[in-house]
């Protein structure tokens, strides 16, 4: 696959080298302009203030075009900057002013100048006004106790903007800002300020106009800058490139794109604007192959563009996606380490008829990831076994084997079912796209937090064992479910665990509901302008303007830990009676020190991931029950949703949980996603896949995440590509939703931990995303190292 | 219900026949090939082995051994088992809390093994895989293997085997017709050398292979030769092997497996001497060079080196 090196790769390599060599820095320019914009517009409705301040950012922010770039744009003033959404969460930086430059997870260098701006401009204005401060006051007390003991994680959405959505990129490309404004004008003309409620709608639509002006102004400024640079350069080739950039930015995103180049540039400038509006992860460009293909096809047919030129543009876009760094607070960064912006792009799947949607651009996207090998964008594949060709699957398998962790493989039929389980018709479900990590989304239509909160299944087991007490903190963290020494049957014990889990879930739901209300005033006109229904209704995305408003996604972490703990207690205490509950509790309290016999009993109990019949049945029962329970809740927007995606949260959650009956020692990471506990799967990848299929995955409609690691020998076997294809088809037959593959051998990882300097740019799949291994914290590194290596399919 | 001593069952293997396969390893073998990489398959009984990396030196095993077969090495601090004294009572493995003393072999019924095979059905479908019986020596367990293979065929599962074809033809005759394809080892053509290096004559093996050729599925035979320096890697032996295969009508492949040392660890864990302890592994290039003598002629079967077909044949 690497056989022929295209001439344009020299440019791509230079662009890439610059990204890799650039240190992530805090970037407060946008925040300062936003603050001034709010000050200038005091008295206006929030959505107007937000739009006004955004337009001011577009007009005043630094506009930079770097050497070699063909696609331009940047949300901040620095190439690898972390933005702070001051209106949402200015104070998270306050807490870390002295440590942000050196913290273990995702440090950002903070310049003295930015620090001064923060202290003199940002803090004085925003104190008491941010969403985060409101959240800290309003967070339900019982939920806060669980949060502080590490049994739930519920702060994520208060410490950054919306994200976790798929804007209507196709609208920007096809209609342009002018098309959107025409839509705004049509709706505005029907409104009457004397009709109750219309003033609010008119205000919203005026805000959209302000934001739209800002986007066009920003594009013009890039055109100006390109012309300026063209005038300075002596290099004729570069001068021509810059003139073309200028011409492109004069046209898009203001007007409908006419070419592949314009489509790409238009979508990327809009992407920058989304991030300027609210710094957040998971603004997902989605199904690029579907909406770019018509432009590609027309350009190539007309002789305006060669396939290689198109590939080069796409790869320039890929590099641009890697520049922005996600700023988040130190705790949240532990839950998703590696500066991940989670910009998920997707290829494959089916079209609106439910038929094969693979086209030339689908292959080009896979090739772009193979060529560029940076940590963004997150490339996902929707593979539809019935409709997509084997040629596509073969390309997917070949790129997986390169070991970048991409693409994330999604079983298309399950994705469609997940969307339908949210109450959305099949025809629209055909157009789903993976979002952020492995969540399911619909471009320009769906509103919710796809991963609002996490609950800790390991902690639930601990609380069932300790009657609601946290081992680490010694406090009553949760409800009392009884002293397990008094449980006469296994069923009583399992019931206690279930009640503890339900309590965690319920507290996540409670937090979600409170957060929904707080976020009603967190308007986002830039995002919502590409949700057609927002314009139709005259209602912002935040307040429920989207076509499908759903309850937020709540994620389980520690699947294998709870299953393995339950089965171990069942065997040891109730069936084999090889130890009493009393003895087991003593052993766990001592983290097994001095209890080698009990440790062996725990280790020898059956384990999730080995396709064991009894474990499988337990898994199916428990996770059907959890899906039922989550579906019993409804928010002001819709039915609450479940997911099982840890990002990297299994590590910090693990640090809050003592030893478990599964044999896992205290404070170690929990299992990630639906993967087995580290080192307990002994029967190969097939058995892992079979085991996970006992979770009713389609009902966890915000996605389920499976990490599989293949060792490097996997790449060398002559039949390995074909067998990997067969394996992926088997995955689809089993109705498993997702799998992602790490293909780096353990020795390399260990060496990279010790000698990071020798492994710059080495990518690993963390969980739902790819990051530079050397930029991850030590515990996450250890977790990745210890995920057992599968070499069977070699 | 029939029972057999199963060494292990491997799932989703791609190196043991067509597609992804479940490989059932039987325990027990009448041959003692000097280069054998699975010494744990030699004996039909359950037996103990030792993983010293896991040993804490707690001496629980020493305390329970009824024969005094265990001791601690004063030099290394590791446990040492004297095979001459050990009667494989497995008390030490029961006593070990750290997974250092472990046991090879599990007695299983046809139903139990069948359950393990059925679990992998979804992988057989897409890959064209199925079950592969391996050893040890499958034919030591002919009754069991026959019943298991029939059950597989009843369930529409493809069947293959790795056979040494030692022993009476009657055993092989019951198994071969049940297989879609099988691997047959032809280790050495010279009988005297075969006896020296494997402990048994090859006369019966070669005869069984000729008879198998008359009752097997078309093209079912894949002959395997483990290539060992100074044992069977001479041109004469290789040519004779190829000619022998060419004389059979159902040999579809002659597969050469260069000597590897992945089994050395197993000998140490069993406290058993390894005849080729000092023999370095054979790299692919060296093996390819030795096979040059076979590439002058066109053979009616594929010539495969380490999983890859040799070009120009």
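Residue numbers (the working numbering), protein chains in the order written: chain A, 1 to 794; chain B, 1 to 313. Glycine included, every Cβ here is placed at the ideal spot set by N, Cα and C. Given the structure is predicted, the values throughout are model-derived calculations rather than measurements.
Worksheet item: Taking Cβ-Cβ distances shorter than 9 Å, what residues in chain B pair up with residue 718(A)?
Response: 307, 308, 309
Item to complete: Determine the contact status of residue 84(B) and residue 52(B), defining contact as a CB-CB distance below 7 Å.
Response: no
Worksheet entry | DSSP beta-bridge partners of residue 555(A) | 454(A), 643(A)
Item to complete: Go to residue 255(B), then tell me how far its beta strand (DSSP E) extends in each direction, as first and last residue.
Response: 251 to 258
Worksheet entry | Beta-carbon spacing of residue 374(A), residue 407(A) below 7 Å | no
Discussion item. From the DSSP secondary-structure annotation, give me the bridge partner or partners of residue 162(B).
Written reply: 183(B)
Item to complete: Could you tell me the distance, in whole angstroms, from the CA atom of residue 345(A) to the CA atom of residue 33(A)?
Response: 30 Å
Worksheet entry | Cβ neighbour criterion (16 or more within 10 Å) applied to residue 119(A) | exposed
Discussion item. Suppose only complete runs of 3+ residues qualify. What are the beta strand (DSSP E) ranges in the segment 388 to 427 of chain A, listed by chain order?
Written reply: 408 to 411
Practice prompt. Would you kindly work out how many angstroms separate the C-alpha atoms of residue 315(B) and residue 722(A), rounded to a whole number?
Written response: Because residue 315(B) is not part of the residues shown, which for chain B are 1 to 313, the question remains open.
Practice prompt. Might you give, ordered along the chain, the residues of its own chain that have their beta carbon closer than 6 Å to the beta carbon of residue 687(A), omitting 5 neighbours on each side?
Written response: 610, 611
Worksheet item: Whose C-alpha, out of 744(A), 48(A), 21(A), is nearest the C-alpha of residue 405(A)?
Response: 744(A)
Item to complete: For the beta strand (DSSP E) containing residue 108(B), list its first residue and its last residue.
Response: 106 to 109
Practice prompt. Count the other CB atoms, across all protein chains shown, that sit within 10 Å of the CB of residue 425(A); report buried if there are 16 or more and exposed otherwise.
Written response: exposed
Worksheet item: Using CA coordinates, which residue listed in 130(B), 257(B), 197(B), 141(B) is at the minimum distance from residue 23(B)?
Response: 130(B)
Practice prompt. Reducing DSSP to helix, strand and coil, say where residue 298(B) ends up.
Written response: coil
Worksheet item: Taking Cβ-Cβ distances shorter than 7 Å, what residues in chain B pair up with residue 691(A)?
Response: By Cβ distance, chain B contributes nothing, its closest Cβ being about 10 Å from residue 691(A), past 7 Å.
Discussion item. Check this for me: beta carbons of residue 100(A) and residue 35(A), under 7 Å apart or not?
Written reply: no
Item to complete: Rounded to whole angstroms, what's the CA-CA distance from residue 162(A) to residue 156(A)? Just pull it up for me.
Response: 10 Å
Worksheet item: How about residue 554(A) and residue 508(A): are their beta carbons less than 7 Å apart?
Response: yes
Discussion item. Our contact map puts residue 677(A) next to residue 662(A) with C-beta atoms below 8 Å; I'd like the distance itself, whole angstroms only.
Written reply: 6 Å
Practice prompt. Closer than 6 Å by C-beta to residue 515(A): which residues in its own chain qualify, once you throw out the five before and the five after it? Chain order, please.
Written response: 157
Item to complete: Give a yes or no on whether 7 Å exceeds the smallest Cβ distance from residue 782(A) to chain B.
Response: no
Worksheet item: Does residue 2(B) have its Cβ less than 7 Å from a Cβ in chain A?
Response: no
Worksheet item: What are the start and end residues of each continuous alpha helix (DSSP H) run of 4 or more residues lying completely inside the segment 58 to 101 of chain B, in chain order?
Response: 60 to 64, 91 to 95
Practice prompt. Using a Cβ cut-off of 7 Å (strictly closer), state whether residue 119(B) contacts chain A.
Written response: yes
Worksheet entry | Distance, residue 58(B) Cα to residue 279(B) Cα | 35 Å
Fill in: Per DSSP, the bridge partner or partners of residue 155(A)
Partner(s): none; residue 155(A) has no beta bridge.
Fill in: Member of 673(A), 613(A), 105(A) whose CA lies at the smallest distance from the CA of residue 337(A)
105(A)
Worksheet item: residue 5(A): buried (16+ other C-beta within 10 angstroms of its C-beta) or exposed?
Response: exposed
Practice prompt. Determine the chain B residues that contact residue 683(A) at a beta-carbon separation under 7 Å, and present them in chain order.
Written response: 11
Fill in: Rounded straight-line distance, which links the Cα of residue 217(B) to that of residue 699(A)
46 Å
Item to complete: From the DSSP output, in three-state form, read off residue 778(A) for me.
Response: helix
Worksheet item: DSSP state of residue 20(B), grouped into three classes?
Response: coil
Worksheet item: How would you label residue 171(A), buried or exposed, when you count the other beta carbons within 10 angstroms and need 16 or more for buried?
Response: buried
Item to complete: Can you give me the Cβ contacts of residue 221(A) inside the same chain, cut-off strictly under 6 Å, excluding the 5 residues immediately before and after it?
Response: 63
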